[in-house]
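Chains A and B supply the protein sequences, listed in that same order. With full-length UniProt numbering applied, the first sequence has no gaps in its numbers, which climb one by one up to 437 at the end. With full-length UniProt numbering applied, the second sequence has no gaps in its numbers, which climb one by one up to 176 at the end. Every residue gets a Cβ at the ideal spot worked out from N, C-alpha and C, and that includes glycine. Just so you know, these numbers come straight off a predicted model, no measurement behind them.
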Amino acid sequence: MTCANPLRYLATLLLACCALSSRADITIDVTGTGTRQFPVAIGTLSGEAVLKEPLTAIIRADLAGSGRFKLVETGTTPPVESPVAAELADWKARGADALSSGTVQLAADGSAVIRLRLHDTVTQKPIAGFEVRARASELRGVAHQLADQIYEALTGERGVFATRIAYVLKQGKRYSLQVADADGHNTQTVMASNEPIMSPVWSMDGSKLAYVSFERKKAIVFVQDLLSGARRPVAAFKGSNSAPAFSPDGGTLAVTLTIDGISQIYLVDASGSGSPRRLTRSSAIDTEPTFSPDGRTIAFTSDRGGSPQIYTVPVGGGEPQRLTFDSSYNVSPAFSPDGKSLTYIRRDEGRFVVASMDLASRQSLTLSQGSYDESPSFAPNGKLILYASETGNRGTLGTVSSDGQTRQRLSANGDAREPAWGPYIGQIAVTRLSSNP
Amino acid sequence: MKKTLASLTLVGLLAACASTTPAPVENKAPDATPTPSTNNSNTSTQPVQPSQGSKLDPLNDPASMLSKRGVYFDYDKYDVRADQQALVEAHGRYLAANPGRSVRVEGNADERGSREYNLALGQKRAEAVRKALSVVGAKDGQIEATSNGEEKPRATDKDEASYAENRRADMVYNGE
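Printed below as a string of structure tokens:
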């Protein structure tokens with residue numbers, strides 16, 4: 001789908017919010033790194049000093065924060081955009097296997113034209129080149145997109161620096177639902193309340209969040225449009241209403257309701273109209289539904305077998321199949337974007353850790369090392385998992401690579417919890433440059 | 001000093017009866033700080049003169065079992081324990097005798113594990129209390145079972161005593 005316009009609006013909206021609160025609410029520590037880090041020199045973009053966002057610094061922070069790269073010191077003098085062989089050999093001698101260089105030029109309308117080229121210092125050949133035009137409000141997003149391009153060119157995987165995350169922040173007695181860039185900057189308060197907020201999830205097009213709010217003294221599911229801020233209760237039945245999950249087409253929400261007594265899974269219209277259709281029928285707790293990416297299957301948590309375990313059921317109904325057997329407590333399932341694996345929380349000798357399961361082989365893997373890890377969700381490239389952790393009695397967010405090799409901790413200004421990684425959304429068009437400048 | 005405390009408490013209780021804000025200390029959602037009855041900001045801004053001879057609502061009479069609202073549960077369990085039956089039955093009979101009153105049963109759970117699963121666990125506890133209230137005559141329309149899950153812990157330490165305190169369902173009457 002094409003979403004260039006929504007992103008522009010979003011960038012403007014975020015910028016407006018930033019003017020009110022420009023502090024970075026999250027700082028990132030890389031707490032573990034992969035076995036091999038790719039050494040790269042990210043040269044300062046020539047001419048970027050006139051911009052109000054430090055593009056090169058953002059790109060460097062993204063790449064370093066991923067744990068996949070070792071940044072080679074470049075100094076502040078920009079390398080020339082198209083270095084000759086001897087210059088590339090010099091960068092190789094300084095330890096870099098690749099070098100990025102580029103320029104920023106201001107256009108007559110005030111927008112910036114940014115050109116970035118990536119060079120292989122070993123073969124001394126160009127790897128890729130990009131050009132993008134951005135308005136002032138789009139600069140941070142564009143820097144993340146360029147970091148994504150570098151990441152993809154060097155690792156072969158699509159980057160997620162230009163995506164966004166949602167999470168719940170508790171500061172004192174105040175709860176707020178936050179949306180931030182994947183690097184924790186550009187935080188925007190979506191909703192704030194003196195009562196708890198839980199379980200935010202993104203719609204697949206990134207335009208909406210569904211969440212649980214206790215603002216009416218009990219759990220009610222709301223859907224909120226991020227651009228307009230408009231929101232409505234979509235499940236506010238007798239008892240508790242919770243655990244929302246969007247269908248991939250955005251038209252349906254799976255939720256946990258208690259209208260028939262015990263917590264069971266129902267499907268409701270995402271617009272809040274119509275009556276709920278009951279999907280599961282057990283005499284036990286059924287909750288935490290999540291759709292498979294093809295929209296055909298729902299995974300959920302149930303204690304119908306005597307302990308909480310993860311089951312799957314066809315969206316059209318049918319007999320649930322038990323998926324997890326590796327612990328007496330397996331909860332909070334989320335599918336990978338390709339639908340081939342599942343991440344979930346497993347209790348392991350009294351510790352709650354992030355695990356993943358390959359759905360074909362049913363092999364599972366422990367990914368995190370915390371004691372109270374919760375709420376895992378995949379990044380849209382399927383290579384990272386975002387989860388809630390606890391450090392010194394305070395909620396923090398963490399990411400772990402899907403192979404368990406690289407970990408980051410994101411420390412927020414308060415008690416952060418219930419994170420959800422958003423989808424790819426429309427981005428500014430980046431033009432690929434030909435090899436020969 | 002003793003006398004002052006007693007009268008302050010009385011004023012607090014009466015103010016709680018007179019106000020529609022959620023006031024009684026026992027049922028107040030315990031956030032970070034416990035709220036002693038002598039330091040209740042709700043009551044200090046709304047003084048109510050105790051009138052001689054007024055009959056205290058049994059729900060707020062410390063001498064009445066009905067002033068107790070918390071029903072405790074065992075770990076990962078949701079049946080009303082034998083030692084909690086008398087309390088639940090007293091409230092059920094009170095509701096049967098006072099059809100104008102209604103109650104929200106708010107289940108809670110300790111903080112370990114998934115927030116959503118704990119919400120469902122709290123709901124199951126609230127539902128068990130709802131059924132026990134019905135058995136002795138409370139009408140369905142008088143009771144709503146809801147859950148706070150692990151979101152409103154009364155005790156915040158990471159020890160068994162705190163976890164046990166939070167495995168609880170509270171009966172919150174309308175107007176409280």
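- Here the segment 401-415 of chain A makes no contact with the segment 196-206 of chain A; the two share fewer than three CB pairs at distances below 8 Å.
- In the three-state reduction of the DSSP assignment, residue 181 (chain A) falls in the strand class.
- For the segment 47-113 of chain A, the continuous beta strand (DSSP E) assignments of 3+ residues that do not extend past its boundaries occur at 69-71 and 98-106, in sequence order.
- Annotation: the continuous alpha helix (DSSP H) that includes residue 132 (chain B) extends over 115-135.
- When secondary structure is reduced to three states using DSSP, residue 171 (chain B) falls in the strand class.
- The DSSP-derived three-state label of residue 94 (chain B) is helix.
- Residue 240 (chain A) and residue 163 (chain B) have their alpha carbons spaced roughly 22 Å apart.
- With a threshold of 8 Å between beta carbons, residue 115 (chain B) makes contact with chain A.
- At least one CB atom of chain A sits nearer than 8 Å to the CB of residue 151 (chain B).
- In the three-state reduction of the DSSP assignment, residue 188 (chain A) falls in the strand class, which pools E and B.
- Residue environment for residue 65 (chain B): exposed (fewer than 16 other C-beta atoms within 10 angstroms of its C-beta).
- Around the beta-carbon of residue 317 (chain A), fewer than 16 other beta-carbon atoms lie within 10 Å, marking it exposed.
- For residue 104 (chain B), the enclosing beta strand (DSSP E) has its first and last residue at 103-108.
- Listed by position along chain B, the residues whose Cβ is nearer than 9 Å to that of residue 331 (chain A) are 113, 114, 116 and 117.
- Under a 10 Å Cβ-count criterion, residue 335 (chain A) is classified as buried, with 16 or more other Cβ atoms of the shown protein chains found around its own Cβ.
- Contacts with chain B at 8 Å (Cβ-Cβ) do not include residue 210 (chain A).
- Looking only at A:253, A:61 and A:77, the smallest Cα-Cα distance to residue 70 (chain A) is reached by A:61.
- Against chain B, a Cβ distance below 9 Å from residue 48 (chain A) picks out nothing, because the smallest value is about 43 Å.
- Bounds of the beta strand (DSSP E) holding residue 312 (chain A) are 309-314.
- Under DSSP, residue 358 (chain A) forms a beta bridge with A:341.
- Sorting A:247, A:227, A:292 and A:250 by C-alpha distance to the C-alpha of residue 359 (chain A) places A:292 at the top.
- A direct Cα-to-Cα measurement between residue 59 (chain A) and residue 205 (chain A) gives close to 25 Å.
- Chain order gives no chain A residues near residue 132 (chain B), where near means a beta carbon separation below 7 Å; the closest approach is about 14 Å.
- Note on residue 106 (chain A): under 16 other CB atoms within 10 angstroms of its CB, so exposed under the neighbour-count rule.
- One thing to note: residue 301 (chain A) has its Cβ no nearer than 8 Å to the Cβ of residue 276 (chain A).
- Look at residue 141 (chain B) here: in three-state DSSP terms it is helix.
- For the C-beta of residue 85 (chain B), not a single chain A residue is nearer than 7 Å; the gap to the nearest is close to 20 Å.
- The segment 109-121 of chain B and the segment 81-88 of chain B do not touch, with fewer than 3 CB-CB distances between them shorter than 8 Å.
- Using beta-carbon distances, residue 391 (chain A) does not count as an interface residue toward chain B, since no partner is under 8 Å.
- Judged by their CB atoms, residue 177 (chain A) and residue 209 (chain A) are nearer to each other than the 8 Å cut-off.
- Under the three-state reduction of DSSP output, residue 44 (chain A) falls in the coil class, being neither helix nor strand.
- Per DSSP, residue 413 (chain A) lies in no alpha helix (DSSP H) segment and is marked neither H nor E.
- The segment 159-169 of chain A and the segment 377-388 of chain A touch, with three or more beta-carbon pairs separated by less than 8 Å.
- In this structure, the beta-carbon distance from residue 93 (chain B) to residue 135 (chain B) does not fall below 8 Å.
- By the Cβ-count criterion, residue 115 (chain A) is buried, with 16 or more other Cβ atoms from all chains shown falling within 10 Å of its own Cβ.
- By the Cβ rule, the segment 371-384 of chain A does not count as touching the segment 137-155 of chain B, because fewer than three pairs are nearer than 8 Å.
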